[in-house]
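Protein chains in written order, with the numbering used here: chain A, 12 to 353; chain B, 12 to 353; chain C, 12 to 353; chain D, 12 to 353.
Cβ coordinates follow ideal geometry from the N, Cα and C atoms, glycine included.
Predicted model only: the values in this text are computed from it and were never measured.
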């Protein structure tokens with residue numbers, strides 16, 4: 012059994028790790044740590060876990076974390092970079108669900124995230140945990156930078172096009188929509204039910220922190236800089252991300268075949284048949300990216316529709332997928348649930 | 012492996028059976044039959060099942076049903092009573108998720124359901140599939156009348172009081188609330204998103220078909236007739252039933268202890284600690300009834316709050332629980348998921 | 012023109028007063044005051060008011076309030092009792108939308124609201140602003156205690172029965188359901204979209220502050236104490252209250268006629284035809300209580316269904332109705348909108 | 012008073028016309044006609060209209076329509092073209108809220124709408140009722156083709172750019188999102204609450220009927236053909252359209268000034284301050300288009316965010332605005348409500 016610790020178990024990514032890991036056949040959760048709610052039974056904070064775990068919240072700096080095989084950080088940005096080095100030095104593997112180790116250009120990271128990086132040396136060693144791109148590196152990694160939710164949906168949708176070199180890279184457009192759980196569990200006015208329900212709006216149009224992450228990922232696969240306009244929107248639903256991606260084709264190509272080939276061996280990417288439309292509920296609560304590729308009116312604009320559950324393939328599920336790869340067990344272990352419908 | 016057939020696989024109870032049974036360790040689904048969509052791959056109708064089953068819809072009268080160990084009817088009222096006798100005669104066990112075999116008084120059934128019963132002789136033999144009351148009879152049953160969703164939540168909430176004889180039976184009140192999936196998947200105006208969202212209303216105040224079913228169940232345990240006012244309401248949510256139950260106490264009793272004792276050995280009933288409040292999402296997608304018992308202002312009125320997922324403990328999950336009991340396997344097999352939150 | 016001031020213009024009752032009063036033919040809003048956001052244009056905080064008012068938020072203690080004809084307090088409990096005496100002394104009429112002046116028994120108020128009352132002498136003089144009961148007193152009032160949202164829906168539904176003396180007063184049950192806006196605009200975890208959407212639960216079962224208010228109002232009309240069990244619930248919708256009321260009949264009476272007669276001359280109470288079902292959306296955004304009375308199975312239990320918009324007839328609309336009465340203008344002035352549907 | 016008839020008063024556009032017109036100071040509704048529900052009181056079908064109108068539904072071909080000054084068709088596509096010629100011949104003015112007269116190229120219309128046009132001669136005479144473009148022509152029109160909901164939001168957002176000639180016309184992208192009421196009130200599975208709630212998906216990616224309408228409108232103002240990719244999506248909310256528009260800038264221009272100037276005198280278009288974000292609820296139930304223009308990272312891509320209520324500025328409100336213009340009364344008459352919030 013893999014001994015697992017979770018830091019920041021009281022947010023949505025944390026409770027989702029708990030939900031999935033309590034059902035994982037090869038995992039024993041030994042420690043849940045947090046800066047608040049210390050001593051509180053985990054099952055009291057999250058009614059869905061009642062009867063499923065007897066763990067209580069420990070201090071964020073609990074020594075028990077050092078006895079784990081792997082520690083997940085489901086904490087706000089800037090926390091993992093403080094605590095991870097000590098764990099890594101002790102031989103504990105670390106998977107950070109926040110953004111601390113995602114951007115290779117530390118100066119760029121510091122600009123977007125508005126703080127000084129605490130351990131730039133680990134940024135270099137960190138492996139960006141998108142298995143569909145980095146599976147081999149993940150296998151050997153000690154520190155995983157788990158991708159953001161939007162970056163997962165957007166990169167997976169653009170990758171076949173960018174890798175094949177069949178689109179103009181200067182004017183990519185990613186119009187993305189997220190359920191409200193993407194904004195976290197900290198109470199703020201704009202995500203109150205009465206504010207977010209029966210409403211739709213964009214946000215972060217001037218510049219969202221996931222923009223440099225997506226650009227870096229696409230540029231690496233394209234071997235060239237990419238020009239990307241990224242506009243996120245808030246949808247009155249709990250879970251789910253839908254990315255609608257637009258690019259101008261520069262070559263004639265069988266798009267359906269291109270996408271199917273690219274993801275033929277990927278257990279968690281499902282390319283729908285030609286003409287199909289993915290919907291967010293079809294991946295609700297599961298670790299899966301579903302996508303479809305369209306070419307409206309046979310013009311020169313390709314449209315990719317890509318959906319994930321922001322808390323699973325966009326966060327905790329992908330983190331567990333990375334753990335499975337790192338520990339050499341079945342990549343799909345603990346991640347095979349069927350989504351509920353309706 | 013238990014060979015399972017499903018008739019009526021294209022409604023919500025049907026797809027929920029499919030979701031749960033495709034993950035059941037001791038089941039092989041061999042046939043999905045329906046009056047419509049014949050030949051269509053099941054996974055095309057329900058995107059959540061894509062990649063999880065290669066079954067196609069067969070005709071409702073498919074001979075393959077005769078080769079099953081058990082057949083579930085997830086059909087409208089009045090269908091199972093036509094088809095079940097032939098299957099039963101062939102030694103196939105039958106679990107009807109509709110109301111055909113729930114009411115022992117056939118004349119009463121015919122009045123409430125507005126049709127002539129096709130096989131009154133089987134009504135007598137049918138076992139009402141509420142395991143918390145009838146476990147032993149279920150073990151030996153050939154035909155199960157799976158309880159309705161409201162009746163499950165309401166009976167489980169009232170049972171400890173009624174069995175202990177500590178409340179006035181003449182004026183029980185069950186104020187019940189259901190998510191919209193309880194109304195099924197057949198398109199009707201009042202359950203359109205634009206009609207049901209951001210709205211709340213009662214329905215069936217004059218008399219709902221679940222009323223005689225609840226009355227029969229409570230009377231049987233009370234050993235006397237019960238006077239029940241039952242008012243269902245429609246909640247703008249997808250899944251979930253919340254029953255708020257009111258009764259007048261006729262004896263001084265430790266209510267918390269009474270409820271805990273009654274359900275101490277029940278794997279799918281969870282009595283919350285004193286003072287707690289259950290919420291429907293805490294049982295979303297799982298086979299569980301959570302309840303709490305209150306006595307406001309220490310008066311003589313007891314209030315029970317009881318929640319289930321209408322499609323699971325209120326339909327398909329309970330049907331599988333019954334199957335597990337009938338076939339002598341672990342009662343919880345295939346029914347141990349952790350509900351997602353949020 | 013009536014010169015109006017609003018204290019606490021930044022919550023939902025405040026913005027609703029602004030929405031309705033900017034369209035009122037006989038009103039000029041001169042001052043919007045608050046403890047926060049001072050100097051901010053009102054139209055910036057509430058996008059619906061953009062282009063409709065150029066007012067900026069003034070300090071809560073602004074002297075401009077003394078120049079008003081009437082001041083509405085849309086503040087948390089405990090604020091109006093501090094500020095109202097000075098305004099009243101200056102001849103300004105006051106309408107408090109909070110609870111400071113609702114409960115005549117000051118000791119009882121202090122117990123339920125957990126604070127010392129600042130001006131008990133004004134409690135006695137305050138008129139409880141339920142026009143359907145107190146219209147004449149309101150006409151002459153200097154200080155109005157505007158009723159709570161639940162108390163409005165519950166009292167209006169029970170009044171015909173209680174006044175006519177046709178029900179047992181010992182065991183009234185009010186099962187009430189409210190949209191999330193009833194919990195206000197202050198960010199708290201349990202009213203986040205991701206927590207409240209697709210969910211249903213009771214709250215305050217042990218004792219809600221609206222209980223003594225309802226009991227007082229009913230007792231006054233009954234001329235006797237009443238035994239009431241009141242259980243509020245949270246509905247995943249923005250606006251609306253639905254009260255389902257249960258009482259035992261002690262006399263044979265034509266319920267439909269009783270209700271129609273009681274409210275025959277009330278502009279803002281609509282008794283639906285026999286057998287009808289009110290829904291909350293039918294009163295969304297308007298100052299109206301719709302209700303229906305049922306007697307299921309012709310038994311001895313009467314069921315009343317009563318719906319209001321918690322922010323209008325349950326708060327700001329009723330406050331304006333009271334203002335209209337106090338100033339001798341048409342009671343319906345500014346309150347005749349048609350609700351949107353869907 | 013303008014005598015108004017409505018054909019198709021039983022869908023959402025119809026009830027919205029009724030809501031707005033019953034409050035219009037210069038209108039008397041004399042006839043509501045439909046192919047179904049004949050004889051039913053309008054107020055029974057739509058609870059929001061109870062007490063506001065005593066009209067009953069008349070036959071679709073009612074002679075009373077000939078006595079109207081203007082008749083609105085809130086009917087499915089293909090109905091108005093059958094009935095309008097007779098009314099027009101009798102001197103009745105006609106406003107069609109469906110698509111029958113929107114596309115000038117009749118062959119193109121017949122291809123997209125899959126039927127033969129019944130009166131091509133009237134297509135030519137019809138005026139496209141987008142007042143921000145065609146106000147003078149509307150004033151003199153006998154027959155108005157009221158714009159579609161998406162076309163209103165998309166055209167208003169693109170117009171300043173297209174008219175000024177500052178964007179590349181070959182690769183416009185309109186990523187549009189609509190509330191479910193846009194799909195109408197006819198019961199269909201995919202718009203059931205349980206299917207559409209807590210879900211997000213695109214539709215019509217291969218080609219939506221609003222595409223040729225938008226292209227025609229933009230091309231007319233650009234004086235050249237436009238290449239447009241239009242992808243609509245379904246949002247789990249009742250009302251509202253949000254169009255996110257992308258275009259490549261070909262000239263350096265003060266975008267904020269351009270947009271403010273373009274709409275300076277438009278009563279129903281509100282250009283938000285630089286950096287602002289419109290949300291659909293800010294125009295809920297009112298006849299208003301709110302928009303903001305952004306230029307992320309000061310790059311060469313302009314992003315316009317444009318929101319309307321699909322049933323008001325996207326349908327019935329705009330139709331009334333057109334009527335006001337046609338009859339020479341104040342353009343804003345009956346259209347000045349303040350949207351409710353929350």
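N-terminal and C-terminal residue of the beta strand (DSSP E) that residue 300 of chain A is part of: Looking at the DSSP string, the run of the beta strand (DSSP E) that includes residue 300 of chain A is 300–305.
Per DSSP, the bridge partner or partners of residue 69 of chain D: DSSP output for residue 69 of chain D lists D:44 as bridge partner(s).
Within-7 Å CB hit, residue 116 of chain D to chain A: No, residue 116 of chain D does not count as interfacial toward chain A.
Bounding residues of the alpha helix (DSSP H) (the contiguous stretch that carries residue 221 of chain A): It spans 221–233 - the alpha helix (DSSP H) in which residue 221 of chain A sits, taken as one unbroken run.
Cβ-based burial, residue 284 of chain B [other Cβ within 10 Å; buried from 16]: By the neighbour-count rule (16 or more Cβ atoms within 10 Å), residue 284 of chain B is not buried but exposed.
Where residue 244 of chain B sits in the DSSP three-state scheme: Strand at residue 244 of chain B.
Outcome for residue 39 of chain A when other beta-carbon atoms lying within 10 angstroms are tallied against a minimum of 16: Residue environment: residue 39 of chain A is assigned as exposed (fewer than 16 neighbouring CB atoms within 10 Å of its CB, all protein chains considered).
Local conformation of residue 357 of chain A per DSSP, three classes: Not covered by the structure: residue 357 of chain A. The range shown for chain A is 12 to 353.
Partners in chain A for residue 206 of chain D, counting only beta-carbon separations shorter than 8 Å: Correct list: 353.
Under 8 Å by beta carbon: chain C residues contacting residue 23 of chain D: Chain C residues near residue 23 of chain D: 353.
For residue 139 of chain A and residue 188 of chain A, the rounded distance between their alpha carbons: Cα atoms of residue 188 of chain A and residue 139 of chain A: separation of roughly 23 Å, rounded to the nearest angstrom.
CA-to-CA distance, residue 63 of chain C to residue 29 of chain A, given in whole angstroms: Rounded to the nearest whole angstrom, the CA to CA distance from residue 29 of chain A to residue 63 of chain C is 49 Å.
Simplified DSSP state of residue 171 of chain C, which is helix, strand or coil: If DSSP states are grouped into helix, strand and coil, residue 171 of chain C belongs with the helices.
CB contact below 7 Å: residue 86 of chain C versus chain A: Not an interface residue.
Helix, strand or coil at residue 343 of chain B according to DSSP, with G and I counted as helix: Here residue 343 of chain B sits in coil by DSSP.
Bounding residues of the alpha helix (DSSP H) (the contiguous stretch that carries residue 314 of chain C): In the DSSP annotation of this structure, residue 314 of chain C is not part of any alpha helix (DSSP H); the continuous beta strand (DSSP E) holding it starts and ends at 312–319.
Cβ of residue 80 of chain B within 7 Å of any chain C Cβ: Taking Cβ atoms only, chain C never reaches closer than 7 Å to residue 80 of chain B, which makes this a no.
Residues of the segment 197–227 of chain D whose Cβ lies closer than 7 Å to any Cβ of chain A, in chain order: Of all residues in the segment 197–227 of chain D, only 205, 206, 209, 210, 211, 212, 213, 214, 216, 217 and 218 place a beta-carbon less than 7 Å from a beta-carbon of chain A.
Coil, strand or helix - residue 52 of chain B by DSSP: DSSP places residue 52 of chain B in strand when its eight states are reduced to three.
Sub-7 Å separation of residue 21 of chain B and residue 76 of chain B beta-carbons: In this structure, residue 21 of chain B keeps its C-beta atom at 7 Å or more from the C-beta atom of residue 76 of chain B.
Three-way DSSP call (helix, strand, coil) for residue 121 of chain A in this model: In this structure, residue 121 of chain A counts as helix in the three-state DSSP scheme.
Uninterrupted beta strand (DSSP E) stretches inside the segment 132–166 of chain D (no shorter than 3 residues): Secondary structure remark: continuous beta strand (DSSP E) runs of at least 3 residues inside the segment 132–166 of chain D, in chain order: 154–156.
Within 7 Å, strictly: CB atoms of residue 4 of chain C and residue 260 of chain C: As displayed, chain C neither begins before 12 nor continues past 353, which places residue 4 of chain C out of reach and without an answer.
Delimiting residues of the beta strand (DSSP E) encompassing residue 205 of chain B: That residue, residue 205 of chain B, is in no beta strand (DSSP E); its alpha helix (DSSP H) goes 204–207.
Contact with chain B by residue 323 of chain D, beta-carbon distance below 7 Å: So no, residue 323 of chain D is outside the interface.
Buried or exposed by the 16-neighbour rule on C-beta atoms within 10 Å, applied to residue 49 of chain B: Burial call: exposed.
Candidates C:344, C:55, C:68 and C:73, of which the one nearest residue 279 of chain C by Cα: Residue 279 of chain C has its Cα closest to that of C:344, out of C:344, C:55, C:68 and C:73.
Endpoints, alpha helix (DSSP H) assigned at residue 270 of chain C: It spans 266–273 - the alpha helix (DSSP H) in which residue 270 of chain C sits, taken as one unbroken run.
Contact with chain D by residue 192 of chain B, beta-carbon distance below 7 Å: Residue-level contact check: residue 192 of chain B touches chain D, since one or more beta carbons of chain D fall below 7 Å from its beta carbon.
Cβ shell of residue 46 of chain C (< 7 Å), same chain only, five flanking positions each side left out: The answer, listed in chain order, is 71.
8 Å contact criterion, which residue 191 of chain D and residue 204 of chain B should meet: CB distance rounded: Their Cβ separation, rounded to whole angstroms, is 4 Å, which keeps residue 191 of chain D and residue 204 of chain B in contact under 8 Å.
Proximity of residue 59 of chain B and residue 293 of chain A at Cβ, strictly below 7 Å: Yes, the pair counts as a contact, with Cβ atoms nearer than the cut-off.
Opening and closing residue of the beta strand (DSSP E) in which residue 16 of chain A lies: Element bounds for residue 16 of chain A: 13–18.
Contact the segment 153–165 of chain C vs the segment 239–255 of chain C: 3+ CB pairs below 8 Å: Proximity of the segment 153–165 of chain C to the segment 239–255 of chain C meets the contact definition, three or more beta-carbon pairs being nearer than 8 Å.
Cβ of residue 14 of chain B within 7 Å of any chain C Cβ: Chain C contact via Cβ: absent.
Residue 136 of chain C burial status per 10 Å Cβ neighbour count (16 or more: buried): Label assigned to residue 136 of chain C: exposed.
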